[in-house]
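Report on the following structure.
There are 2 protein chains.
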Amino acid sequence: MTEAAAVRRSRLTPEREAELYTAVLDLLREVGYDALTMDAVATRTRASKATLYRQWGGKAELVVKALRHHKPLKFSDVDTGTLRGDFLALAARQDDCRMEQDSALMRGLAMAAHGNPDLLKAFREWLVEPEMDELRRVLRRGVDRGEIRADNPAMPFVMHMLIGAFAARTMIDELPPTQAFLHAYIDAVVLPALGA
Amino acid sequence: MTEAAAVRRSRLTPEREAELYTAVLDLLREVGYDALTMDAVATRTRASKATLYRQWGGKAELVVKALRHHKPLKFSDVDTGTLRGDFLALAARQDDCRMEQDSALMRGLAMAAHGNPDLLKAFREWLVEPEMDELRRVLRRGVDRGEIRADNPAMPFVMHMLIGAFAARTMIDELPPTQAFLHAYIDAVVLPALGA
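As they're listed, the protein sequences go chains Y and H. Residue -19 is where the first sequence starts when you use my numbering, and the numbers rise one by one after that. Residue -19 is where the second sequence starts when you use my numbering, and the numbers rise one by one after that.
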């Protein structure tokens, strides 16, 4: 974080920030990204628009950081000692109900991002890249422990496999992703492809 | 096809049907699904709205069948003698330029489908299910040749893996899916997960 950003951030307490993020996600569920306005966020949270813009720069960053903040547990908080354990811990980060809600939000946002360069940039920077960094750490520990080989050709595709599980689940099975589904997918697809 | 459907279909020649489908896809690229109207299709193609509704029932069916018609080669047309050959033939059905165009259309449609039960139903019936049927035939031939085991736990997830490759490619790599990418993914992920 730059000094300027640190100064900007210091204006809100963590509690107030969490409150704002919750309100943003409520609005996002109610009206979707395109119809969500900074005015509506300001009204709902009794914050000034100046504060919102000073803190977040704009709608794209505010919405994406709200979703990021909402993730209950970071990948890097989990180090179970095995690759399979780390993958299952990833699936266990959210209960099924929350996973259904969040996957609907993420899907809506990913859709909106295709027509909106600001949102796509924020989405990648704050939601995709951090997950990929964390995933790389999980894989590196697997390599260090000798569970998988660094030169396995499936290594660059782990994120694709995982996103596929989420994206295809609704379309093919007309079901939300659940922990049971992700467990089965990890054991049947991800670990075998990695030769683990 | 039911007798009633056969009578309906007989009203248009295959050439005229192809012409209508092309116009529908042009409109879909120009304005997207939500803004596309049967009026616009009728104007663009100099067809009567009565004809369009008689032939296709509604917008969802018309759009989905236009996309289905546009697919250059059916999976079942390909029987190369090996599982890998069949998968690579799938990837080779479209050149990279067409794959980029179509994947943008499919993504747009999949997005619109989440808020539109008619479209979701048509999308699944005419685009997802036929692909899954064809994929099942490819896999069954692989089982019959002894290349893969019918009870391999990855069998129910092949479509998820493939959809993941398409869906994640844009989001992670900011690139359209290409044949080279799909070849690498098939060799690194799909075949190893299937134990082939």
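We put the CB at the ideal spot given by N, CA and C, even for glycine. The structure presented is a predicted model; accordingly, all values stated were derived computationally and were not measured.
Would residue i pass as a contact of residue j if the rule is Cβ separation under 8 Å?
{"i": "H:Ile152", "j": "Y:His140", "result": "yes"}
{"i": "H:Ala71", "j": "H:Gln159", "result": "yes"}
{"i": "H:Ala84", "j": "H:Tyr13", "result": "no"}
{"i": "H:Glu127", "j": "H:Leu63", "result": "yes"}
{"i": "Y:Leu162", "j": "Y:Ala148", "result": "no"}
{"i": "H:Arg48", "j": "H:Leu107", "result": "yes"}
Quick one: is residue i buried, meaning 16 or more other Cβ sit within 10 Å of its Cβ, or exposed?
{"i": "Y:Asp82", "result": "buried"}
{"i": "Y:Pro172", "result": "buried"}
{"i": "Y:Arg34", "result": "exposed"}
{"i": "Y:Asp66", "result": "buried"}
{"i": "Y:Ala102", "result": "buried"}
{"i": "Y:Leu0", "result": "buried"}
{"i": "Y:Val11", "result": "exposed"}
{"i": "H:Glu111", "result": "buried"}
{"i": "H:Ala130", "result": "exposed"}
{"i": "H:Thr150", "result": "buried"}
{"i": "H:Met(-19)", "result": "Note that H:Met(-19) scores a pLDDT of 49, beneath 50, so its modelled location is shaky and nothing firm can be said."}
{"i": "Y:Leu155", "result": "exposed"}
{"i": "Y:Gly38", "result": "exposed"}
{"i": "H:Gly122", "result": "buried"}
{"i": "H:Tyr165", "result": "buried"}
{"i": "Y:Asp19", "result": "exposed"}
{"i": "Y:Val118", "result": "buried"}
If contacts are defined as beta-carbon pairs under 8 Å, then residue i and residue j qualify, I think. What distance do you get, rounded to the angstrom?
{"i": "Y:Val138", "j": "H:Ala134", "result": "Not confirmed; about 15 Å, so no contact."}
{"i": "H:Leu8", "j": "H:Val58", "result": "No, H:Leu8 and H:Val58 are not in contact; Cβ-Cβ is about 27 Å, not under 8 Å."}
{"i": "H:Pro157", "j": "H:Met79", "result": "6 Å"}
{"i": "Y:Asp98", "j": "Y:Ala176", "result": "Contact flag wrong, Cβ pair sits at about 39 Å."}
{"i": "H:Lys45", "j": "H:Trp36", "result": "7 Å"}
{"i": "H:Ala3", "j": "H:Thr17", "result": "Rounded, the Cβ-Cβ distance is 13 Å, inconsistent with contact."}
{"i": "H:Val21", "j": "H:Leu32", "result": "6 Å"}
{"i": "H:Ala174", "j": "H:Asn132", "result": "Checking the sequence, you will find Leu at residue 174 of chain H rather than Ala. That belief holds up - the Cβ atoms of H:Leu174 and H:Asn132 are roughly 6 Å apart, short of 8 Å."}
Can you determine whether any heavy atom of the ligand NAP sits closer than 7 Å to the C-beta of residue i, and answer yes or no?
{"i": "Y:Asp75", "result": "What this structure holds is no ligand at all, so the ligand NAP is not there to describe."}
>> Against chain Y, which members of the region 155 to 166 of chain H pass a CB distance test of less than 8 Å?
In response: Ala164, Tyr165
> If contact means a Cβ-Cβ distance below 9 Å, which residues of the region 93 to 108 of chain Y contact chain H?
Replying inline: Ala93, His94, Gly95, Leu100, Phe103, Arg104, Val108
>> To be precise: take each residue of the region 141 to 154 of chain H, compare its Cβ to all Cβ atoms of chain Y, and keep it if any distance is under 9 Å. Which residues remain?
In response: Met141, Leu142, Ile143, Gly144, Ala145, Phe146, Ala147, Ala148, Arg149, Thr150, Met151, Ile152, Asp153, Glu154
> Of the residues that make up the region 60 to 91 of chain Y, which ones have a beta carbon closer than 9 Å to any beta carbon in chain H?
Replying inline: Ala84, Arg87, Gly88, Ala90, Met91
>> If the cut-off is 7 Å on Cβ atoms, which residues from the region 113 to 144 of chain H count as contacting chain Y, listed in chain order?
In response: Pro133, Ala134, Phe137, Met139, His140, Met141, Ile143, Gly144
>> Short of 7 Å Cβ to Cβ, which residues in the region 14 to 35 of chain Y face chain H?
In response: none
> Using Cβ-Cβ distances below 8 Å, what residues of the region -2 to 14 of chain H are close to chain Y?
Replying inline: none
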